[in-house]
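Step one of this worksheet: look at the structure below.
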Amino acid sequence: MWKRIFKCFVILYLPLFILSLVFFVSQKREQIKYFSQLQKRETRIKKEFFIDLFRTPIQNANYWSKLQYPRGFDPLNTHAVFMKPYIEIIKGVTDYDQFRFIDLSGKEIFRAERKGIDSIVLEDLQDKHNRRYFKEGVELSSGKLYLSQINLNREYGYIERPYKPVLRVVAPVFDIDKKKIGVVVINFKMERILNRLKSNIVDNNFYLVDDNLNIITSNTDREHIPFEISDSVVPLNKKYGLSEAVFKKDTTFFKNNHIWSIKTLNLNGPDLTSDFGSRSPIEIVTPANWAVVQELPPKFLHSSLMLLYFSVGVFNVLAIALLMTVAYFFIKNRIEKERYFKEMEANNAILSQKSIQLQNNNKQISKINRRLEIRNKQLNEFNYLVSHNLKAPVSSMSVIVSMIEKEQEQEKINELLPKLSQVAESISDLTKDMGNYVSVLNEKNLKVEEVELSKLINQVKKECFETLLDAVDFKVSVDFKAWQEVVFSKFYMQSILQNLLSNAIKYRRSDVTSFIHFETAFEGQNKVLLVKDNGIGINLEKHGENIFKLYKRFHRDISGNGVGLFLVKSQLETLNATITVESEENKGTTFKIQF
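Add 678 to the 1-based position in the sequence shown for the numbering used here, that's all there is to it.
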């Protein structure tokens, strides 16, 4: 009883459960959509904030590029007085970590390094001709700036400690004659900018990544540019199992319970490259591409959905209690009714058993009727054969005999005798064909056995009287992967294969390598034998109704008596098998035999 109650409860509860599930999924999607919009807005704000902070290095480098320097500029010696006020400017800009002038050959002519908040020290000059930022910067024309990647500062090939994230901005410098004299290189300290970028992050995670998806800074990492410090740090996409392509465009998406929002940075955008005091925008040359990425982690999403979980849970608990009560009383009432129907069910079972027996009997009768219909059809064809095909030769013989009896001249009698012989031979052939057909009709106790097709086909090939079978342009192939044996009369099957093989050889085409192919298959529970050739084919639109009839020939230029296919069909129908044909002229014929 309780099993039935539980089954009834499941039937009643399942629609409500699906409804609550649909409601939960739709509400969850709405929440995700809402948080995605928030993420998208916050990412845009972070991007604009980053661009706003980034304008300072650009404007500073552009300022030093626009100065008009003396001819033969030598900031440490000849033009030390010229540089004095500008050194004070360098001291005042606390974001400068290093400030350098490099001549066109790559040698530093001025190098200032910050040692404290307001302390600038002139250091030993170095040769930078092999550094990428110099090579890129020395090729710049007026109005262009070069930005490097943000990375940890290195001195003599080693990362400097304490770690200092820097951005190198390179601009060309010109003397008063507008002759390029070298480049100015400013190492901007990025600590302040990066710290401000990852501040005020409460629920979500912030990432600034480069074009290789290496993390420049994040609130999830204590140090900036962690991948330069440790080899175990992996790019952002590998860290979370995401495609690299999604970080190459502005997008917001939900995956693996994370909400991601991505904004790429256009370093040549008007907000970043506007040139104060000039209508000409600054053109930036850089290998650096950055993206601002914000991630809303699963824990925040789960916490925001707790009320939804609780509401759906309470609804389901109440529904379970109510529907269990309904199911209990419904099943109890149903059991009472079932007691009154047991006797009726027993009677119905007896009637059902008798109905099944009657159906089996009807199937047997239908099978017998079908065989009788086939036999009647065959007898009608035989009657027609006897009455129609014997009529002409018998009449001809009667006329010739009458003419011989009346004829007096021996010479004319001799002329009539060959014709009488031809008619007699025709009657003899017809009688032989009738005998073959009658043998099919009278065969009541055919021996039915497992017939192995491949062995029987080899036997038929050897016994085939057609000499063309040994010709190089006719091939016999088989494919018996589906099945290899069939329960049938071996005598009939041999006759069927002989007729089909003989026809394929007789009606082959001379312009191609001819073949016949035997293949087995299944259609439902029935075994099927397909016999395909590439012969001259038959026009089924014209001859389709007569193809299996007696004495029907379709190629007058090729000898034949029109009996083979008729006997094939008769022998198959005797054992409840069927044959159909598909053919196209000059392409070939396919016979399908279904057992």
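C-beta atoms are modelled at their ideal positions from N, C-alpha and C, and glycine is treated no differently.
Closest residue to residue i among the options (Cα-Cα distance)
i	options	result
N1181	V1241, A999, Q1042 and E1089	V1241
Q709	I828, W742 and I937	I937
V1209	Q1172, F732 and V1259	V1259
H902	D928, S1155 and R870	R870
N915	N944, E973 and I962	E973
Q1162	A1199, N1047 and K769	A1199
P965	V848, N1011 and N1039	V848
D853	V771, R749 and T772	R749
I962	L699, L697, F732 and H1221	F732
G835	I787, V799 and E906	E906
F788	V971, L1218, F751 and A1160	F751
S819	V799, R839, R810 and K856	K856
H1195	G1266, S714, F727 and E833	G1266
L985	K706, K842, D805 and T1268	K706
R1187	L1207, D1151 and K1220	D1151
T930	K1184, Y712, K876 and L1178	Y712
S1248	N831, E786, N1177 and M1081	N1177
F978	S714, L1250, C686 and Q1272	S714
S939	Q1088, K1041 and R719	R719
S1173	I1183, L1134 and L1098	L1134
T1191	Q1031, K1153, I765 and Q1203	K1153
L1218	L1029, T1268, N883 and K744	T1268
N865	L983, P843 and N882	P843
K933	K926, S921 and F988	S921
V816	P850, L830, E1085 and L1098	P850
Extent of the continuous alpha helix (DSSP H) run through residue i
i	result
L945	That residue, L945, is in no alpha helix (DSSP H); it is neither H nor E in DSSP.
R839	That residue, R839, is in no alpha helix (DSSP H); it is neither H nor E in DSSP.
Q1176	K1168 to K1184
I871	E869 to L875
T1252	G1242 to T1252
E1219	L1218 to H1221
F978	P976 to S982
N915	L914 to Y918
DSSP three-state assignment for residue i, whether helix, strand or coil
i	result
F1158	coil
A1149	Note that A1149 scores a pLDDT of 48, beneath 50, so its modelled location is shaky; the value from the coordinates is reported in the next line. Coil.
P1096	helix
R1187	coil
I1257	strand
K966	Per the sequence presented here, residue 966 reads as Ala, with Lys not at that position. A966: coil per DSSP, three-state reduction.
T898	coil
L659	The structure shown does not extend to residue 659, since the chain spans only 679 to 1273, so no value can be given for it.
N829	strand
Q1086	coil
I907	coil
E1262	strand
R789	strand
V1126	strand
Y824	strand
R809	coil
F866	strand
I723	helix
K681	helix
D853	strand
E1014	helix
G794	coil
F728	helix
G835	coil
G1215	coil
Continuous beta strand (DSSP E) stretch holding residue i: start and end
i	result
A1199	S1192 to E1201
Y885	N883 to V887
K1210	N1204 to D1211
L931	In the sequence as presented, Leu is not what sits at residue 931; that position holds Phe. Run containing F931: T929 to K933, per the beta strand (DSSP E) assignment.
Residue i: CB within 7 Å of a non-hydrogen atom of the ligand GDP
i	result
N944	For the ligand GDP, the structure offers nothing, since it holds no ligand at all.
Chain E contact for residue i (CB, 8 Å cutoff)
i	result
T721	No chain E is part of this structure, which consists of one protein chain only.
Stretch-stretch touch, CB-based, cutoff 8 Å, three pairs: the region 779-798 with the region 860-874: yes
Entirely within the region 735-782 and at least 3 residues each: give me those beta strand (DSSP E) ranges in chain order. 774-781
Touching by the beta-carbon criterion (3+ pairs, under 8 Å), the region 1260-1271 and the region 1212-1231: yes
Cβ pair count under 8 Å reaching 3, the region 816-824 against the region 736-747: yes
Determine, using beta-carbon pairs with one atom in the region 750-759 and one in the region 879-897, whether at least three such pairs fall under 8 Å. They do not touch, by the three-pair rule.
Assess contact between the region 769-776 and the region 791-810, defined as three or more Cβ pairs (one per stretch) separated by less than 8 Å. Is contact present? yes
Using 8 Å as the Cβ pair cut-off and three pairs as the minimum, do the region 993-1000 and the region 684-703 touch? yes
Could you say if the region 910-925 and the region 1000-1013 meet the contact criterion of at least three C-beta pairs nearer than 8 Å? Short answer: they don't touch.
Taking one C-beta from the region 1151-1170 and one from the region 1126-1135 each time, how about it: are there three or more such pairs within less than 8 Å? yes
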